[in-house]
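Protein chains in written order, with this note's numbering: chain H, 2 to 324; chain R, 2 to 279.
In structure tokens:
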């Protein structure tokens, strides 16, 4: 199974390497019965994509372009209002903080997850007893349901009875209102999300490290390069392609983080940890009077951002797969 | 950095020690969850909190048995449904993309990659609008379909990657023996792809079991709420009983623990497939 590492980086089309050396690029002319069979196998998933990806996305777009109320939501006769919902969202006093928080949350999480993940990957790439077992245990935070992680962190960061404040008290730092003070809530959710994201970075970067030939390190060591020097001259540059993939994928996934923030702070207090994802949910589902239109509009802004970075990711991945 | 000269066991014990320490720090929240789940109600707000459950109690777990079993059952049903739906959709598609070289297959793979990038909250809002008119809100099938969108694109990519590795001679031989594409898929390709089926099933189950976004938007307030909502209501309602909340969290983490113990190599393979969600 370990070859799966590389496979999605390659385009799935031309791989029949060992099997048929006689079927070179000329294989364009395929028997059409095989085409029929192929698309028969693909029909369920294609229908599925249309019904359960494209159609919800379309409905979401439709929501954002009409003036929906609870009544017209049920009856489906909301008037078309063009970009009015988007204008409402842009003029909303929450827009600027939500944008800022989304950028800060994503950037800080990515930086720490990557740095910690890389340091751990380099550490666990050494040979010592239990190294593989311990590395496997590091996956635990990533496997836990987000509601479990979020509620555990909520209790650990509790102002009065949390273990974090107890530990800080022991070293002489006064109690911090992690979740209830507007100046700390964003930091709190960032800490929890870094904890969840480190395993992903560790595993992917570790698999990248293993493709660096050990001979390079031996040669560098013979030339007298120290550990620090070897890291910056060999590991880091040779890991750049894997790093790019890890960071871009992390970016796409961090942009859409919702569960952690919503469960820990609900975006509060006073919008101090609101991101686009939680704001969109807040508008659509968080109030007594749902604002589906603006909620969908915020969501669509988020989709555009995710897809832009997603396309960059796919470009990078494809380029690496071909070279 | 690779410990070239340090390979001998005797000199690496301190690395093991550092490794244990780092793992301990990383897993501390998990330990804390366990600790709190065994803590007595009256010790919950003690200052400083007890580092070990000295006067351990099972009242939290008793509360789980009393109140959370229906939620756990719903989650189990939804998880298994998601697994079946995901494998049924993705395995044939993976076979076609890997071995039958369909025209337009590249475009479809591209769409699948892009589909993974769409934030769940946006999908949830679209599903909400659709389910409202179809009457599928708060229903188990509705949640199974929504949860499967978390896994299907990933599953197709895994199956494609895995089935590309099946030797073409085998499929050719089956064809020579007169097996049609369906027969070849069912009797040759699928049995050989057992590992891929396991990987996909594990992730599909885990993601659907852990899902909170779809649960809270599409199933909230209904008769069939999954365990993630069980915990969420717990936090909202009675934030006194943290041992019960954490005991539920422990129980909700069991599938993850089982998967880690039984199928660790599949998990690592899935993560590094580079197409995994966060």
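Note that beta-carbon positions come from the ideal geometry of N, C-alpha and C, so glycine has one too.
Sub-8 angstroms separation of residue i and residue j beta-carbons
i                     : j                     : result
residue 119 (chain H) : residue 217 (chain H) : no
residue 188 (chain H) : residue 270 (chain H) : no
residue 141 (chain H) : residue 194 (chain H) : no
residue 95 (chain R)  : residue 160 (chain R) : yes
residue 202 (chain R) : residue 31 (chain R)  : no
residue 126 (chain R) : residue 227 (chain H) : no
residue 56 (chain H)  : residue 131 (chain R) : yes
residue 203 (chain H) : residue 17 (chain R)  : no
residue 144 (chain H) : residue 232 (chain R) : no
residue 256 (chain H) : residue 107 (chain H) : yes
residue 325 (chain H) : residue 301 (chain H) : Nothing can be reported for residue 325 (chain H), as the shown portion of chain H is limited to 2 through 324.
residue 72 (chain R)  : residue 207 (chain R) : no
residue 264 (chain R) : residue 198 (chain R) : no
Closest residue to residue i among the options (Cα-Cα distance)
i                     : options                       : result
residue 139 (chain R) : R:98, R:255 and R:75          : R:75
residue 84 (chain H)  : H:309, H:298 and H:283        : H:298
residue 191 (chain R) : R:70, R:81 and R:90           : R:90
residue 209 (chain H) : H:223, H:247 and H:229        : H:247
residue 275 (chain H) : H:286, H:289, H:255 and H:186 : H:186
residue 48 (chain R)  : H:163, H:48 and H:272         : H:163
residue 190 (chain H) : H:116, H:103 and H:237        : H:103
residue 52 (chain H)  : R:146, R:206, R:208 and R:126 : R:146
residue 28 (chain R)  : H:43, H:64, H:139 and H:219   : H:139
residue 52 (chain R)  : R:167, R:149, R:35 and R:154  : R:35
residue 251 (chain H) : H:273, H:310 and H:72         : H:310
residue 175 (chain R) : R:164, R:163, R:167 and R:189 : R:189
residue 93 (chain R)  : H:235, H:59, H:90 and H:39    : H:39
residue 242 (chain R) : H:35, H:79, H:152 and H:302   : H:152
residue 96 (chain H)  : H:198, H:320, H:284 and H:319 : H:284
residue 82 (chain R)  : R:153, R:22, R:40 and R:12    : R:153
residue 194 (chain R) : R:169, R:164, R:180 and R:205 : R:164
residue 1 (chain H)   : H:166, H:171 and H:253        : The first residue shown for chain H is 2 and the last is 324, placing residue 1 (chain H) beyond what the model contains.
residue 58 (chain H)  : R:121, R:166 and R:136        : R:121
residue 319 (chain H) : H:282, H:36, H:245 and H:129  : H:245
residue 148 (chain H) : R:235, R:21 and R:14          : R:235
Cβ of residue i within 8 angstroms of any chain H Cβ
i                     : result
residue 133 (chain R) : yes
residue 127 (chain R) : yes
residue 209 (chain R) : no
residue 263 (chain R) : no
residue 94 (chain R)  : yes
residue 222 (chain R) : no
residue 81 (chain R)  : no
residue 62 (chain R)  : no
residue 46 (chain R)  : yes
residue 71 (chain R)  : no
residue 257 (chain R) : yes
N- and C-terminal bounds of the alpha helix (DSSP H) containing residue i
i                     : result
residue 229 (chain R) : 228-238
residue 13 (chain R)  : Taken as a continuous stretch (DSSP letters only), residue 13 (chain R) belongs to no alpha helix (DSSP H), as it is neither H nor E.
residue 258 (chain H) : Unbroken run through residue 258 (chain H): none, as it is neither H nor E.
residue 59 (chain H)  : 56-65
residue 69 (chain H)  : Premise fails: residue 69 (chain H) is in no alpha helix (DSSP H) and is neither H nor E.
residue 88 (chain H)  : 85-92
residue 60 (chain R)  : 60-68
residue 210 (chain R) : 195-211
residue 176 (chain R) : 169-177
residue 33 (chain R)  : 29-38
residue 148 (chain R) : 141-165
residue 184 (chain R) : 182-185
residue 244 (chain R) : 243-263
Within-8 angstroms CB hit, residue i to chain R
i                     : result
residue 27 (chain H)  : Residue placement at residue 27 (chain H) is poorly supported in this model, since its pLDDT is 46, which falls under 50; the coordinates still yield a value, given next. So, not an interface residue.
residue 93 (chain H)  : no
residue 22 (chain H)  : Reliability of the predicted coordinates at residue 22 (chain H) is poor, the pLDDT of 41 falling under 50, and no value is obtained from them.
residue 13 (chain H)  : Residue placement at residue 13 (chain H) is poorly supported in this model, since its pLDDT is 38, which falls under 50; the coordinates still yield a value, given next. Yes, contact with chain R.
residue 179 (chain H) : no
residue 233 (chain H) : no
residue 35 (chain H)  : yes
residue 294 (chain H) : no
residue 298 (chain H) : no
residue 43 (chain H)  : yes
residue 188 (chain H) : no
residue 60 (chain H)  : yes
Exercise. Between the region 250-284 of chain H and chain R, which residues of the former have a C-beta closer than 9 angstroms to a C-beta of the latter?
Worked result: Correct list: 250, 251, 253, 254, 255, 256, 257, 258, 259, 260, 263, 264, 277, 278, 279, 281 and 282.
For this session: Could you please tell me which residues of the region 122-137 of chain H, in chain order, have their CB closer than 8 angstroms to any CB of chain R?
Result: Considering only beta carbons, the part of the region 122-137 of chain H lying closer than 8 angstroms to chain R consists of 123, 124, 125, 126, 127, 128, 129, 130, 131, 132, 135 and 137, in chain order.
For this session: Mind checking the region 184-215 of chain R against chain H and listing, in chain order, the residues whose C-beta falls within less than 9 angstroms of any C-beta there?
Result: So the list reads 186, 196, 197, 200, 207, 210, 211, 212, 213 and 214, given in the order they occur along the chain.
Exercise. Between the region 140-164 of chain R and chain H, which residues of the former have CB atoms less than 9 angstroms from a CB of the latter, in chain order?
Worked result: For the region 140-164 of chain R, which is checked against every Cβ of chain H, the residues closer than 9 angstroms are 146, 147, 149, 150, 153, 154, 157, 158, 159, 161, 162 and 163.
Exercise. Given a limit of 9 angstroms on CB to CB distance, which residues of the region 102-119 of chain H reach chain R?
Worked result: Cβ contacts with chain R come from no residue of the region 102-119 of chain H.
Exercise. In chain order, what residues of the region 140-159 of chain H put their CB closer than 8 angstroms to some CB of chain R?
Worked result: From the region 140-159 of chain H, only 140, 141, 142, 143, 144, 145, 146, 147, 148, 149, 150, 152, 153, 154, 155, 156 and 157 have a Cβ closer than 8 angstroms to chain R.
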